[in-house]
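Input: a single structure, listed below in structure tokens.
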Amino acid sequence: MGSLWRPVLVALLVAAGWASAAPCGQNGEPTVCSTPTTFQDRRADKSKLTIAAYNAEWLFWDNGNGGPSTKCPLDHSSGTCPWKDAAELEAHLQIVASELSQVDADIVALEEVQDCVVLQCLINAIGDSSYKPYLIPGRDTATNQNVGIISRVDPVAALFRDESRAVIQTADSPCGNLPNPSYESGVSKHFIARYFPLGQ
């Protein structure tokens, strides 16, 4: 999910020198967050439930040494993340936080994120402690991207993955250019989360 005003906002944030109170990854963020520690519903209005999906566009922070990552593991267009330095990286985090704050969904599924640490950094940037991060690492060794959730409603059990394969039975399947009708495929990064929100 992109934005036409993203470059302008990046420039404004960098020019303003906006930075978090403490660098991402230095605030005791969780490194594992697949299992809920509570089962709470923190929605202000429990009569409705809003769900959103958002592509965070290489929301990576840790470069492997506990510092800001200005190079993504793999970006087919340039070999680096869109940001050139830590200031632009911080600006990117703030842009994602600003857009999600406007959406104000109760459950947000996020694509192209690094880990639990960066999810908590995003929550901190949004400034909404009713969100909790959830992520189960995938198996995408090419990009190291993951998918995760920030949620005001806790899942009823730990996130999990299912590596089951389904056989495509027809040669004219709309699933893409397959080598043969019985080709099996899977998704290297995904999760399954179960919810039973109160009042629904």
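Per numbering that gives the first Met the number 0: the sequence shown = residues 0 to 199.
Glycine is no exception: its CB is placed at the ideal position from the N, C-alpha and C atoms.
Between the CA atoms of residue j and residue i - distance to the nearest angstrom
| i | j | result |
| --- | --- | --- |
| S33 | L134 | 5 angstroms |
| A43 | F59 | 30 angstroms |
| S100 | V107 | 11 angstroms |
| E28 | V152 | 19 angstroms |
| G147 | S129 | 16 angstroms |
| I191 | P154 | 10 angstroms |
| E56 | K45 | 31 angstroms |
| D40 | E89 | 30 angstroms |
| D105 | P136 | 22 angstroms |
| A157 | C115 | 14 angstroms |
| Y194 | F38 | 10 angstroms |
| A141 | E98 | 28 angstroms |
Nonlocal neighbours in the same chain, by C-beta distance under 6 angstroms from residue i, ignoring five residues either side
| i | result |
| --- | --- |
| L92 | A124 |
| V117 | L58 and W60 |
| C23 | W60 and C120 |
| P35 | D153 and P154 |
| A52 | A108 |
| F159 | I191 |
Residue i: first and last residue of the uninterrupted alpha helix (DSSP H) it sits in
| i | result |
| --- | --- |
| S150 | That residue, S150, is in no alpha helix (DSSP H); its beta strand (DSSP E) goes N145 to S150. |
Spatial neighbours of residue i in its chain, beta-carbon cut-off 7 angstroms, leaving aside the 5 residues before and after
| i | result |
| --- | --- |
| D161 | I191 |
| A96 | L121, A124 and I125 |
| D139 | S187 and K188 |
| V31 | C115 |
| P196 | D40, L48 and V152 |
Cβ-based neighbour list, residue i, same chain, cut-off 8 angstroms, excluding 5 preceding and 5 following
| i | result |
| --- | --- |
| Q113 | L58, F59, W60, D61, S68, N143, Q144 and N145 |
| D103 | T49 |
Endpoints, beta strand (DSSP E) assigned at residue i
| i | result |
| --- | --- |
| A85 | First-last for A85: A85 to V102, but that is the alpha helix (DSSP H), not the beta strand (DSSP E). |
| N123 | That residue, N123, is in no beta strand (DSSP E); its alpha helix (DSSP H) goes C115 to I125. |
Exposure label - residue i; buried when at least 16 CB within 10 Å
| i | result |
| --- | --- |
| K47 | exposed |
| S163 | exposed |
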